[in-house]
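J.:
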Amino acid sequence: MDTLNYLIDGFGVALTPMNLSLALMGAFMGTLIGALPGLGPANGVAILIPLAFSLGMPADSALILLTSVYAGAMYGGRISSILLNIPGDEPAMMTCLDGYPMATKGRASDALAISAIASFMGGLIGTIGLILLAPILAKFALTFGPAEYFALFVLAFATLGGITGKNPIKTILAATLGIMISTVGIDISTGTQRYTFGVLELYEGIDFILAIVGLFAISELLIFLEEHATSGRKMIKVGKLSLTLKELLWILPTTLRGSILGFISGVLPGAGASLGSFISYTLEKQVTGKKGDFGNGDSRGVAAPEAGNNAASSGALVPMLTLGVPGSGTTAVLLAMLISMNITPGPLMFTQNADVVWGVIAALLIGNFILLLLNIPLVGVFVRLLSVPQMYLMPSVMMVAFVGIYSISHSTFDLYFMIVFGIAGYIFRKIEIPLVPIILGMLLGPEMEKNLGHAMILSDGQWSILWQSGLCKILWAIAMLGLLLPYLVGPIFRKRIRAAVAEN
Amino acid sequence: MSFINDRVFGLLMFILAVAYGWGALQFPEPFGGAEAVGPKTFPLILSVILALTSAYLVIKPDQDLSWPLNRSGIDILIAIAILIIYTMLLEPLGFILATTMMVTSLSRLLKAPVKNAFFTGLIGSVVIFVLFNYGLELTLPHGLLELR
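Residue numbers (the working numbering), protein chains in the order written: chain A, 1 to 504; chain B, 505 to 652.
Given below as structure tokens:
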């Protein structure tokens, strides 16, 4: 019953005119960001953080804006999958398989409508799952001591590469680099200067917001210049809607199955939205057997992955909100937002900042309805905006990135730093060093050190406290598994995904 | 097929790990004596992990992705130069002039027609400038266009 009361309070926060219009704006921008290839959700949220920050928004409004963008991006990814056969973002990859063939058969608008409804169902079920699961997990997390937290952070890094990740050693290396960057500045507990080299700007440490914008947005521009994507792509015309209620009802079970699977893989560490949509799709293919026409424009092949990835994106918020441990790039960026708003994520947030948490959850529910409304009648607007050529888009994104960072501190020092991070990001991408662990390292590094220190004080300097309790042992075991699994089953998964895409 | 990227990167990271660890050893002892976990403990752990992982990369590197050594490599360098020059000029020239120049030249680099590139930059920067300075009251530099 508590949950219901909190949720009602949350609606009170989310339904203020200001927050409601922010949710609307975020949903619109998110859909656009998701739809445009080359501007992923992590990227889009990243360039908006400095803006939300410098506008001096209260924490609940800022977080509502960014989660709406996040949810919107998951909706938007499908538009370019269906019309261009290019996924707007990574989780939308599976939607290409049946969405594009469906569109070539002249059912583009049906595919868009089906995927919008499936996204809505996925998002809704995912959010309900979040409402049910998050308070329980938060209560459980209250029993965590510093040693458990330390093990949990290790687990977060170990599973970050995901089951489909390539080289776990590179994930660890990237995370270590990120944590190392976070140690620059004055040590909080002793006041010792670390790695500042006497530079005044480094005393407060390196701001992770500029690192995020540099690593994501600027390196994206450089990668884009290298690949020089062709400007003219053939877009399929959107025809008339011929979807019947009967077909919708026929797809419903698929959508439900996809949503539940997606939610589970969103919550689990190391799985994420891409795997959610993949599992939903392949399972659906197996359940319906040979009766389906998968790969040639089966409408269930559009519904399953979309329900899966939207449910997974809500599921991914569970560990982020309750434990302060994000499982994906975009949730890591949302976490950065929280930390810079001076809110410590984790179980205490549910009691100390209940209005923020429940406001965001209520906004997610409302946001899903807004997104459904935006995506069915207004899909034409997005389709038209999709044809904005990259050659104008990319420079404009740069402009927004620079304005955002500049307006936080009004110093060009930060801008140079951001460019350096951009160049580094480009080089990392070429050496296949993942960027998300770097960000996460910068975010979680200080917390990790703090918990290590607390654990050591509790145990009087006995390192064994880190793996003494049963819970610690479990967390360490999962972390080990997270590192080993990519070696064992990763190649199989990757091969399957590749085979499924190639088949198309 | 070559493995040079990971080897060079691994070597550089190994040097960084050693330098970082050595730096941690130079930290002055905190006031009030050493505790179990001082300011250097955590950095030392990190430097060991970085040293191990980078050594692994040197020994077992992944296959290289190729570097763009052609025209697009030069484009990347030009783009970086544009961004650096933009940062240098942002305050002296003011937001509108500097941004128009940055967006125009980047769009040109992406092969947009001159006129469209220029108007994208001009309109974009004026809109952002007006929005920020008058709508949101965050001051962006006026520079040369300062009205007195």
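From the three backbone atoms N, C-alpha and C, an ideal C-beta is built for every residue, glycine too.
Of all Cβ atoms in chain B, is any one closer than 8 Å to the Cβ of residue 405(A)?
T.: One-based indexing of the first sequence puts residue 405(A) at position 405. It does not: the Cβ of residue 405(A) has no partner Cβ on chain B nearer than 8 Å.
J.: Please list the residues of the region 182–206 of chain A that have a C-beta atom closer than 9 Å to any C-beta atom in chain B, keeping them in chain order.
T.: 183, 187, 189, 190, 191, 192, 193, 194 and 195
J.: In terms of residues, what are the limits of the alpha helix (DSSP H) holding residue 352(A)?
T.: Locating residue 352(A) in the first sequence gives position 352, counting from the first residue. Unbroken alpha helix (DSSP H) run through residue 352(A): 349–352.
J.: Is the region 294–304 of chain A touching the region 249–260 of chain A, taking contact as three or more C-beta pairs under 8 Å?
T.: Cβ pair count under 8 Å is three or more, so yes.
J.: Taking its Cβ as the centre, do 16 or more other Cβ atoms sit within 10 Å of residue 532(B), making it buried, or is it exposed?
T.: Against the second sequence, residue 532(B) aligns to sequence position 28. Counting Cβ neighbours within 10 Å, residue 532(B) comes out exposed, since fewer than 16 surround it.
J.: When you compare the CB of residue 705(B) with every CB in chain A, is at least one pair closer than 8 Å?
T.: In the structure as shown, chain B begins at 505 and stops at 652. Residue 705(B) is therefore absent and cannot be evaluated.
J.: Out of 436(A), 360(A) and 390(A), point me to the one whose CA is closest to residue 159(A)'s CA.
T.: The residue given as residue 159(A) occupies position 159 in the first sequence. Per the C-alpha coordinates, the member of 436(A), 360(A) and 390(A) positioned closest to residue 159(A) is 436(A).
J.: Inspect the beta-carbon positions of residue 213(A) and residue 196(A) and report whether they are closer than 8 Å.
T.: Translated into the one-based positions of the first sequence, residue 213(A) becomes position 213. Translated into the one-based positions of the first sequence, residue 196(A) becomes position 196. Contact: no.
J.: Shorter than 8 Å from the beta carbon of residue 619(B) to some beta carbon of chain A?
T.: Looking up residue 619(B) in the second sequence gives position 115. Not closer than 8 Å to any Cβ of chain A, the Cβ of residue 619(B) fails to qualify, so no.
J.: Could you list which residues in chain B have their beta carbon closer than 7 Å to that of residue 299(A), in chain order?
T.: For this step, residue 299(A) is matched to residue 299 along the first sequence. Simply none; closest approach about 37 Å.
J.: Would you verify that the beta carbon of residue 648(B) is, or is not, closer than 8 Å to some beta carbon of chain A?
T.: One-based indexing of the second sequence puts residue 648(B) at position 144. Using beta-carbon distances, residue 648(B) does not count as an interface residue toward chain A, since no partner is under 8 Å.
J.: Bridge partners for residue 186(A) per DSSP, in chain order?
T.: Along the first sequence, one-based indexing puts residue 186(A) at 186. Answer by DSSP bridge pairing, in chain order: 193(A).
J.: What does residue 430(A) reach in chain B if we use C-beta pairs closer than 8 Å?
T.: Locating residue 430(A) in the first sequence gives position 430, counting from the first residue. Neighbours of residue 430(A) on chain B, chain order: 509, 569 and 571.
J.: For residue 633(B), name the three-state secondary structure that DSSP assigns.
T.: Residue 633(B) sits at position 129 when you count from the first residue of the second sequence. DSSP places residue 633(B) in the helix class (H, G or I) of the three-state scheme.
J.: Could you run through the region 442–453 of chain A and flag, in chain order, every residue whose CB is less than 9 Å away from some CB of chain B?
T.: 445, 448, 449, 452 and 453
J.: Ignoring anything shorter than 3 residues or poking outside the region 533–588 of chain B, list the beta strand (DSSP E) runs there in chain order.
T.: none
J.: State the Cα-Cα distance for the pair residue 344(A) and residue 446(A), rounded to the nearest angstrom.
T.: Start at 1 with the first residue of the first sequence, and residue 344(A) comes out as number 344. Start at 1 with the first residue of the first sequence, and residue 446(A) comes out as number 446. Roughly 12 Å separates the two Cα atoms.
J.: Measuring CB atoms only, is the region 401–408 of chain A touching the region 110–124 of chain A, in the sense that at least three cross pairs come out at less than 8 Å?
T.: no
J.: Please report the straight-line C-alpha distance between residue 41(A) and residue 428(A), rounded to a whole angstrom.
T.: The sequence position of residue 41(A) within the first sequence is 41, counting from 1. The sequence position of residue 428(A) within the first sequence is 428, counting from 1. Near 20 Å, if we compare the C-alpha coordinates of residue 428(A) and residue 41(A).
J.: Please list, in chain order, all residues of the same chain as residue 478(A) whose beta carbon is under 6 Å from its beta carbon, the five residues on each side excluded.
T.: Along the first sequence, read from residue 1 onward, the residue named residue 478(A) stands at position 478. Within the same chain, residue 478(A) has close Cβ partners 155.
J.: If we ignore side chains and look at the alpha-carbon of each, how far apart do residue 178(A) and residue 516(B) end up?
T.: For the purposes of this step, residue 178(A) is taken as residue 178 along the first sequence, with counting starting at 1. For the purposes of this step, residue 516(B) is taken as residue 12 along the second sequence, with counting starting at 1. Those two C-alpha atoms are separated by around 16 Å.
J.: Please state whether the Cβ-Cβ distance between residue 483(A) and residue 50(A) is less than 8 Å.
T.: For the purposes of this step, residue 483(A) is taken as residue 483 along the first sequence, with counting starting at 1. For the purposes of this step, residue 50(A) is taken as residue 50 along the first sequence, with counting starting at 1. No, the Cβ-Cβ distance between residue 483(A) and residue 50(A) is not below 8 Å.
J.: Would residue 559(B) pass as an interface residue toward chain A - the criterion being a Cβ-Cβ separation below 8 Å?
T.: Numbered from its first residue, the second sequence carries residue 559(B) at position 55. Taking Cβ atoms only, chain A never reaches closer than 8 Å to residue 559(B), which makes this a no.
J.: Closer than 8 Å between beta carbons: that is the criterion. Which residues of the region 376–401 of chain A meet it against chain B?
T.: Listed by position, the residues of the region 376–401 of chain A near chain B (Cβ gap below 8 Å) are 389, 390, 391, 392, 394, 395, 396, 398, 399 and 400.
J.: Any C-beta of chain B sitting closer than 8 Å to the C-beta of residue 328(A)?
T.: Working through the first sequence from its first residue, we reach residue 328(A) at position 328. No, residue 328(A) lies away from the interface with chain B (no Cβ there is under 8 Å from its Cβ).
J.: What first and last residue would you give for the alpha helix (DSSP H) that runs through residue 22(A)?
T.: By one-based count along the first sequence, residue 22(A) stands at place 22. Its alpha helix (DSSP H) spans residues 17–35.
J.: Closer than 7 Å between beta carbons: that is the criterion. Which residues of the region 37–65 of chain A meet it against chain B?
T.: 54 and 55
J.: Taking its Cβ as the centre, do 16 or more other Cβ atoms sit within 10 Å of residue 199(A), making it buried, or is it exposed?
T.: Position 199 of the first sequence holds residue 199(A). Result: exposed.
J.: By a C-beta neighbour count over all protein chains shown, 10 Å radius and 16 as the cutoff for buried, is residue 70(A) buried or exposed?
T.: The residue given as residue 70(A) occupies position 70 in the first sequence. Here residue 70(A) is buried, its C-beta having at least 16 other C-beta atoms within 10 Å.
J.: With a cut-off of 8 Å, does the C-beta of residue 542(A) fall near any C-beta of chain B?
T.: Past the edges of chain A, shown from 1 to 504, lies residue 542(A), and the structure says nothing about it.
J.: Suppose you measure from the CA of residue 279(A) to the CA of residue 157(A); what does that come to, to the nearest Å?
T.: The residue you call residue 279(A) lines up with position 279 of the first sequence. The residue you call residue 157(A) lines up with position 157 of the first sequence. C-alpha separation (whole angstroms): 23 Å.
J.: Using beta-carbon positions only, say whether residue 176(A) and residue 554(B) come within less than 8 Å of one another.
T.: Locating residue 176(A) in the first sequence gives position 176, counting from the first residue. Locating residue 554(B) in the second sequence gives position 50, counting from the first residue. Yes, these two residues count as a Cβ contact at 8 Å.
J.: Find the nearest neighbour of residue 23(A) within the set 217(A), 64(A), 411(A) and 416(A), judged by alpha-carbon distance.
T.: The residue you call residue 23(A) lines up with position 23 of the first sequence. Of the candidates 217(A), 64(A), 411(A) and 416(A), 64(A) places its Cα closest to the Cα of residue 23(A).
J.: Alpha carbon to alpha carbon, how far is residue 388(A) from residue 317(A)? Give it in angstroms, no decimals.
T.: The residue given as residue 317(A) occupies position 317 in the first sequence. The residue given as residue 388(A) occupies position 388 in the first sequence. Straight through space, the alpha carbons of residue 388(A) and residue 317(A) are spaced by roughly 32 Å.
J.: Going straight from the alpha carbon of residue 264(A) to that of residue 634(B), what length do you get?
T.: Your numbering for residue 264(A) matches position 264 in the first sequence. Your numbering for residue 634(B) matches position 130 in the second sequence. Taking the straight line joining both Cα atoms gives about 46 Å.
J.: Nearest-angstrom Cα distance between residue 17(A) and residue 11(A)?
T.: Taking the first sequence and counting its residues from 1, the one referred to as residue 17(A) is at position 17. Taking the first sequence and counting its residues from 1, the one referred to as residue 11(A) is at position 11. Going from the Cα of residue 17(A) to the Cα of residue 11(A) covers about 12 Å.
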